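Colleague: Starting off with a structure, shown below.
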Amino acid sequence: MNKKQFEKEVARRRTFGIISHPDAGKTTLTEKLLLYGGAIQEAGAVKNNKIKKGATSDFMEIERQRGISVATSVLAFEYRDIKINILDTPGHKDFAEDTFRTLTAVDSVIVVIDVAKGVEEQTEKLVEVCRMRNIPMIVFINKMDREGKDAFDLMDEIEQKLGLRVTPLSFPIGMGYDLKGIYNIHKQNINLFIGASSKEIHNTTAIDNLNDQLLDQLVGDKAAEILREEVELVTGIYPDFNREEYLAGDLQPVFFGSALHNFGVKELLDGFIEIAPAPRPKKAEERLVQPNEDEFSGFVFKIHANMDPKHRDRLAFIKIVSGVFERNKAYKHIRLNKNLKFSSPNAFFAERKEIVDESFPGDIVGLHDTGNFKIGDTLTSGEALHYKGIPSFSPEHFRYINNSDPMKSKQLAKGIDQLMDEGVAQLFTLELNGRKIIGTVGALQFEVIQYRLEHEYGASCSYENLNVYKACWIETKDVNSAEFKDFKRVKAKFLAHDKRDQLVFLADSSFSLQMTQQKYPSIKFHFVSEFE
Ligand code: G4P
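Residue numbers 6 to 537, in this note's numbering, belong to the letters of the sequence shown in order.
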């Protein structure tokens with residue numbers, strides 16, 4: 006492949022994630038996008054991966070299905086000669102870490118908001134992460150076929166709660182029972198809602214001009230009048246769309262629609278492929294790496310255990326940052342300083358995975374792994390690069406983990422090690438006595454770990470409660486200072502090391518954390534494991 010063809014391949018890729026609070030319509034929207042791409046034939050084909058009751062059995066069932074068909078982690082399809090990669094982001098808050106990590110591999114996101122519920126808790130958290138990373142965001146306001154908040158009020162709420170600067174690219178004509186259609190501000194035409202069934206894609210009627218009398222005939226004089234007024238207001242209040250600002254994360258275009266009724270989805274998709282970024286450059290510790298560079302590089306953002314007990318291997322998901330990834334070519338695993346070859350790299354499509362010979366920047370490949378990879382690892386053609394930006398956040402729940410079967414301590418150690426590499430939870434080892442502590446984002450993970458240790462590694466464990474409020478990663482300029490030595494002596498009981506051997510302070514309450522911070526002003530306490 007010559008350079009020109011390579012650049013064309015890079016330019017036609019769009020890799021993104023859909024984020025939302027559970028139930029806003031992420032699964033439904035994903036499915037409709039796949040229908041447009043011809044990747045699936047009918048609605049209902051995408052497995053809903055949400056955990057309805059928060060029960061472990063649900064999670065296990067989902068994991069089991071996914072283990073067999075990991076394709077749901079990445080959904081790739083082609084639409085108008087654009088290769089679209091949708092990365093799956095779990096909505097359940099107990100799996101927020103997984104979503105945060107996936108966000109390091111996307112080039113943009115679509116934020117789905119329920120018109121009736123407005124901005125919800127998980128949306129706030131996820132958008133904050135995107136904002137911190139200046140990820141370009143498009144907002145999709147869903148469920149317009151239902152009664153909900155007024156469009157202007159909702160956009161105010163989005164600006165205030167999410168700290169975004171929005172501009173609508175489409176605008177609803179009515180809502181709920183009275184939803185008549187959507188005006189496409191960007192293209193200046195109208196698509197009328199014809200109460201489509203949710204099963205197939207219907208063509209909608211287009212009108213070219215807002216002043217066309219045909220509009221009055223179709224939606225009625227009153228609705229037509231309101232729309233003209235509202236659109237005037239929109240142009241008065243909101244900034245003009247500017248792609249550069251959107252790409253820099255400074256402006257967020259808004260689309261309206263109903264994923265279930267397949268309404269406004271095509272406008273969203275067409276708008277998306279027109280404005281969303283192709284693969285973006287990525288910062289390594291050493292330098293900024295451009296996607297069009299000749300040499301391959303990529304990083305692991307997700308590891309998925311194969312839940313089939315007969316096949317103990319795992320899949321490491323690599324986002325390609327630069328160059329071409331080729332099957333059977335030796336690449337360097339930077340952390341292990343070791344060359345590895347992959348004979349069956351997987352690419353993912355809506356309903357299947359396939360072995361691929363070549364993949365390009367923006368693409369995700371799944372590599373079979375027997376324990377070489379950890380989340381955050383970099384793989385390159387040879388250059389020593391370390392991709393930045395997969396931090397761990399302080400867990401919310403902490404428990405001691407004990408071995409309940411002394412004959413199986415090796416299995417337990419291996420199991421814990423591998424589950425932590427996958428990012429299921431975080432492990433801390435107390436400095437004082439070497440006891441192991443598991444920290445998780447949600448209580449559900451403790452059961453998941455116990456279940457998996459037993460079923461995948463034949464080990465059994467028990468937990469013991471431990472009162473920890475937050476884990477803080479410690480930074481000091483001078484490890485030999487009297488202040489730091491005093492801190493280490495006085496707080497010895499609360500000090501631990503994480504998997505990368507970084508020092509962590511386990512504060513037992515917000516009060517004690519505050520007191521400690523006051524007492525040791527030269528020490529920095531971070532809630533995230535990566536800091537500049
Ligand atoms: P999620 O992945 O974000 O959690 O949401 P999901 O797509 O599963 O949608 C949550 C619920 O909202 C589903 O109903 C879905 O049918 C409904 N929904 C999605 N988009 C729209 C829309 O545009 N309009 C309306 N009225 N409803 C929408 P459910 O009853 O929870 O599930 P199901 O039994 O229909 O699958």
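Heads up, the beta-carbon is just placed ideally off N, CA and C, and yes, glycines get one too.
Just so you know, these numbers come straight off a predicted model, no measurement behind them.
Which residue or residues does DSSP assign as beta-bridge partners of Ile163?
Modeller: The bridge partners DSSP lists for Ile163 come to none.
Colleague: With burial defined as no fewer than 16 other Cβ atoms inside 10 Å of the residue's Cβ, what is the status of Leu437: buried or exposed?
Modeller: exposed
Colleague: For Val305, which beta-bridge partners are listed by DSSP?
Modeller: Ile323
Colleague: Are the stretch 457–469 and the stretch 419–431 touching by the rule of at least three beta carbon pairs closer than 8 Å?
Modeller: Contact between the stretch 457–469 and the stretch 419–431 is present, with at least three C-beta pairs closer than 8 Å.
Colleague: Could you spell out where the alpha helix (DSSP H) holding Ala418 opens and where it closes?
Modeller: 414–426
Colleague: Glu272: buried (16+ other C-beta within 10 angstroms of its C-beta) or exposed?
Modeller: buried
Colleague: Helix, strand or coil for Glu133 per DSSP?
Modeller: helix
Colleague: I'd like to confirm the pairing. Which residues does DSSP put opposite Ala310 in its beta bridges?
Modeller: Beta-bridge pairing by DSSP links Ala310 to Arg319.
Colleague: So, is Ile115 buried or exposed, given that buried needs 16 or more other C-beta atoms within 10 angstroms?
Modeller: buried
Colleague: Going by the C-beta, is Gly262 closer than 8 Å to any heavy atom of the ligand G4P?
Modeller: yes
Colleague: Does the beta-carbon of Leu38, which I'm using as the reference point, lie nearer than 8 Å to any heavy atom of the ligand G4P?
Modeller: In this structure, Leu38 has its CB at a distance of at least 8 Å from all heavy atoms of the ligand G4P.
Colleague: Got a sec, what are the start and stop residues for the alpha helix (DSSP H) Val468 sits in?
Modeller: The residue asked about is misnamed: residue 468 is Tyr in this sequence, not Val. The continuous stretches of alpha helix (DSSP H) do not include Tyr468, which lies in the beta strand (DSSP E) extending over residues 466–470.
Colleague: Let me confirm a value: Tyr525 is counted as buried when at least 16 other C-beta atoms fall within 10 Å, else exposed. Which label applies?
Modeller: It is buried - the Cβ of Tyr525 has at least 16 other Cβ atoms within 10 Å.
Colleague: Check whether the Cβ atoms of Gly262 and Asn147 sit closer than 9 Å, and answer yes or no.
Modeller: yes
Colleague: Quick one: Cα of Ile443 to Cα of Gln431, how far?
Modeller: Taking the straight line joining both Cα atoms gives about 6 Å.
Colleague: So what's Tyr474 in DSSP terms, helix, strand or just coil?
Modeller: Residue state, collapsed to three classes: coil.
Colleague: Does the Cβ-Cβ distance between Ile323 and Ile380 come in under 9 Å?
Modeller: no
Colleague: What three-state label does DSSP hand Val329 in the structure shown?
Modeller: Here Val329 sits in coil by DSSP.
Colleague: Establish whether the CB of Leu417 and some CB of chain C are separated by less than 9 Å.
Modeller: Chain labels in this structure do not include chain C; a single protein chain is all it has.
Colleague: Applying the 10 Å Cβ sphere with the 16-neighbour rule, what's the burial state of Met412?
Modeller: Taking a 10 Å sphere around the C-beta of Met412, we find fewer than 16 other C-beta atoms and assign the residue as exposed.
Colleague: Please classify Glu205: does DSSP put it in a helix, a strand, or coil?
Modeller: Its pLDDT being 46, under 50, Glu205 is placed unreliably by the model, and the measurement read from it follows with that caveat. It is coil, neither helix nor strand.
Colleague: Is Val117 near the ligand G4P - that is, is its Cβ less than 8 Å away from at least one heavy atom of it?
Modeller: yes
Colleague: Would you give the residue range spanned by the beta strand (DSSP E) that Met142 belongs to?
Modeller: 142–147
Colleague: Excluding five sequence neighbours on each side, which residues of the same chain lie with their C-beta closer than 6 Å to the C-beta of Glu250?
Modeller: Leu256
Colleague: Looking only at C-alpha atoms, which of Asp119, Val294, Phe105 sits nearest to Leu32?
Modeller: Leu is not the amino acid found at residue 32; the sequence shown has Thr there. With distances taken between Cα atoms, Thr32 lies closest to Asp119.
Colleague: To the nearest angstrom, how far is it from the Cα of Arg404 to the Cα of Phe499?
Modeller: If I take the Cα positions, the gap works out to 14 Å.
Colleague: Note the first and the last residue of the continuous alpha helix (DSSP H) segment covering Ile454.
Modeller: 449–462
Colleague: By DSSP, does Pro173 sit in helix, in strand, or in coil?
Modeller: DSSP places Pro173 in strand when its eight states are reduced to three.
Colleague: Taking 8 Å as the cut-off, is the CB of Thr32 close to at least one heavy atom of the ligand G4P?
Modeller: yes
Colleague: Name the residue from Glu480, Asp491, Thr481, Lys475 whose alpha carbon lies nearest to the alpha carbon of Phe516.
Modeller: Lys475
Colleague: Which residues in the same chain as Glu14 place their Cβ atom closer than 6 Å to its Cβ, once the five residues preceding and following it in sequence are excluded?
Modeller: Excluding sequence neighbours, Glu14 sits near Phe365.
Colleague: Might you give, ordered along the chain, the residues of its own chain that have their beta carbon closer than 7 Å to the beta carbon of Leu174, omitting 5 neighbours on each side?
Modeller: For Leu174, where only same-chain residues beyond five positions count, the Cβ hits under 7 Å are Ile190, His191, Phe246, Pro258, Val259, Phe260, Gly276.
Colleague: Checking the sheet assignment: what are the DSSP bridge partners for Gln10?
Modeller: Paired residue(s): none; Gln10 is not in a bridge.
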